[in-house]
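Here's the structure we're looking at; comments come further down.
2 protein chains.
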Amino acid sequence: MANDNVGLSLKLFIVLTRALQSIKKRIEEDIKKQGINLTEFAVMELLFHKGDQPIQKIGSKVLLSSSSISYVVDRLVQKEMIRRRPCPDDRRITFATLTEKGRAFMEDYFPKHEQAIHSILAGLDDDEKAQVIEHIKTLGLHAEGTSTDK
Amino acid sequence: MANDNVGLSLKLFIVLTRALQSIKKRIEEDIKKQGINLTEFAVMELLFHKGDQPIQKIGSKVLLSSSSISYVVDRLVQKEMIRRRPCPDDRRITFATLTEKGRAFMEDYFPKHEQAIHSILAGLDDDEKAQVIEHIKTLGLHAEGTSTDK
DNA sequence: TATAATTATCTCGAATTCGAGATAAAAAAG
DNA sequence: CTTTTTTATCTCGAATTCGAGATAATTATA
């Protein structure tokens, strides 16, 4: 269980970066045909599966800064996919809510999206995917834990 | 060797996206202290290890569009890390070349960079990394091959 | 050789994201 | 009940990347 091959780590980083770039590109191609991008889709998916969310909570879920979410929400509102709904109890909070159009879109498109990802990731079988998921999770958690303060 | 778990594919995509985001963030933190970013570093590393390169070739190696490389090269020239050198044989071509400052920087910093990545990726041992590399390569290649034209 | 096609680089404007700071509201502290 | 702190959202400007198209040089074709 050696762990001293520095070059191997570099290679892993490069391979991950390139593969994910390819994967993302394919997935985004698919979504862009619908007139939205990956970030916008992620926000809509969150609302679709978890119900209305405070804007701030969306940011932490889809890993965007507060300024970026404002922008994404604006775009989705322009596209009439979601709307802002003020929270009656706490006037600091604004909920994002799918419109009818947004819900209809997700009901139609989400399964297709999932299927597209499945095709794009078909290079591995289920067992291999499960294995990679575990390993990558480990990597991610360790990286999270690694601060600059070594 | 089943391969029909659509949800598993979606999960793999999400796990990959998040882990790589964490990893990149850590690595970039480290490099930014040096006053350059990951893209700029990638360009300098290419020149450092492969020698002078036509600007267009840099783009294909570090996966940037031609317009983006022009911009990155500009920044590195401003920082006096590289310079543009016209090709005498083919006047369409401009080489990017490390300056003395750029070379000195890489000689000092590259080993530290490699070591930093190694620390950040220390969540897995060498065998596991090798395994992940193989799997991710497979994924990437398949994704590359997957066009929209199914 | 003139013409067309290709190649390398750059310019410009748009898209996306971020960080810093503003604003407003709610909660905590005194 | 006033003051301070925290929380949620937004505005603004900067950074980074892209695509489309411009320019210029080279190569291939007629």
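Protein sequence lines correspond, in order, to chains A and B. The first sequence lines up with residues 593 to 742 when you count with this note's numbering. The second sequence lines up with residues 593 to 742 when you count with this note's numbering. All C-beta atoms in this analysis are idealised placements derived from N, C-alpha and C, irrespective of residue type, glycine included.
Proximal residues of chain B, C-beta to C-beta of residue i below 9 Å
i        : result
A/VAL598 : PRO703, GLU706, GLN707, ILE709, HIS710
Any C-beta of chain B under 8 Å from that of residue i
i        : result
A/ILE623 : no
A/VAL654 : no
A/LEU733 : yes
A/LYS729 : yes
A/ILE650 : no
A/LEU638 : no
A/ARG675 : no
A/ALA714 : yes
A/ARG695 : no
A/SER660 : no
Residues bridged to residue i [DSSP beta-bridge criterion]
i        : result
A/ILE746 : Since the first and last residues shown for chain A are 593 and 742, residue 746 of chain A lies out of range.
A/LEU690 : A/ILE674
B/GLN645 : B/ALA688
Proximity winner among the options, relative to residue i (alpha-carbon distances)
i        : options                                : result
B/ALA696 : B/THR730, B/GLU726, B/GLN626           : B/GLN626
A/LEU602 : B/ALA735, B/LEU731, B/HIS734, B/LYS704 : B/LYS704
A/ALA634 : A/ASP717, A/SER711, A/LEU668, A/THR686 : A/LEU668
A/GLY694 : A/ARG684, A/PRO680, A/PHE640           : A/PHE640
A/ASP700 : A/GLY599, A/LYS617, A/GLU637           : A/GLU637
A/LEU656 : A/GLN707, A/LEU630, A/GLN670           : A/LEU630
B/ALA594 : A/ILE728, A/LYS721, A/THR730, A/GLY651 : A/LYS721
A/MET714 : B/VAL654, B/LEU733, B/TYR663           : The question names Met, but residue 714 of chain A is Ala in the sequence shown. For A/ALA714, the nearest C-alpha among the options comes from B/LEU733.
B/LYS729 : A/GLU632, A/LEU600, A/LEU604, A/GLU692 : A/LEU604
B/GLY737 : A/ASP596, A/ILE615, A/SER659           : A/ILE615
A/VAL665 : A/ILE709, A/LEU690, A/GLY599           : A/LEU690
B/LYS649 : B/GLU692, B/ILE712, B/ILE685           : B/ILE685
A/ALA688 : A/ILE606, A/ASP596, A/ILE674           : A/ILE674
B/ILE619 : B/PRO680, B/GLU706, B/TYR663           : B/GLU706
B/LYS653 : A/ILE606, A/ARG683, A/SER660           : A/ILE606
B/GLU692 : B/GLU621, B/GLU726, B/SER659, B/GLU672 : B/GLU672
B/LYS624 : B/VAL598, B/ALA708, B/ARG677, B/VAL724 : B/ALA708
B/TYR663 : B/GLU632, B/ASP682, B/ASP719           : B/GLU632
A/ASP596 : B/SER711, B/PHE702, B/ARG677           : B/SER711
B/MET698 : B/ILE628, B/SER659, B/ILE725           : B/ILE628
A/ASP717 : B/ILE661, B/PRO680, B/HIS727           : B/HIS727
A/ALA735 : B/GLU621, B/GLY651, B/ARG683           : B/GLU621
C-beta neighbour in chain A for residue i, strict 8 Å
i        : result
B/VAL607 : yes
B/ASP681 : no
B/ASN595 : yes
B/GLU720 : yes
B/LEU644 : In the sequence as presented, Leu is not what sits at residue 644 of chain B; that position holds Asp. Judged by the 8 Å Cβ criterion, B/ASP644 is not in contact with chain A.
B/ALA611 : yes
B/LEU668 : no
Residues that residue i contacts on chain A, provided the C-beta gap is smaller than 7 Å
i        : result
B/GLU736 : SER614
B/LYS603 : ILE725
Contacts of residue i in chain B (Cβ-Cβ under 7 Å)
i        : result
A/ASP700 : The premise fails here: A/ASP700 is roughly 16 Å from chain B at the closest Cβ pair, so nothing lies under 7 Å.
Proximal residues of chain A, C-beta to C-beta of residue i below 9 Å
i        : result
B/GLY627 : The premise fails here: B/GLY627 is roughly 16 Å from chain A at the closest Cβ pair, so nothing lies under 9 Å.
Requested in this report: Tell me, please, whether the segment 608-624 of chain B touches the segment 641-655 of chain B by the rule of three or more beta-carbon pairs shorter than 8 Å.
Outcome: Counting C-beta pairs closer than 8 Å gives fewer than three between the segment 608-624 of chain B and the segment 641-655 of chain B, which falls short of the contact rule.
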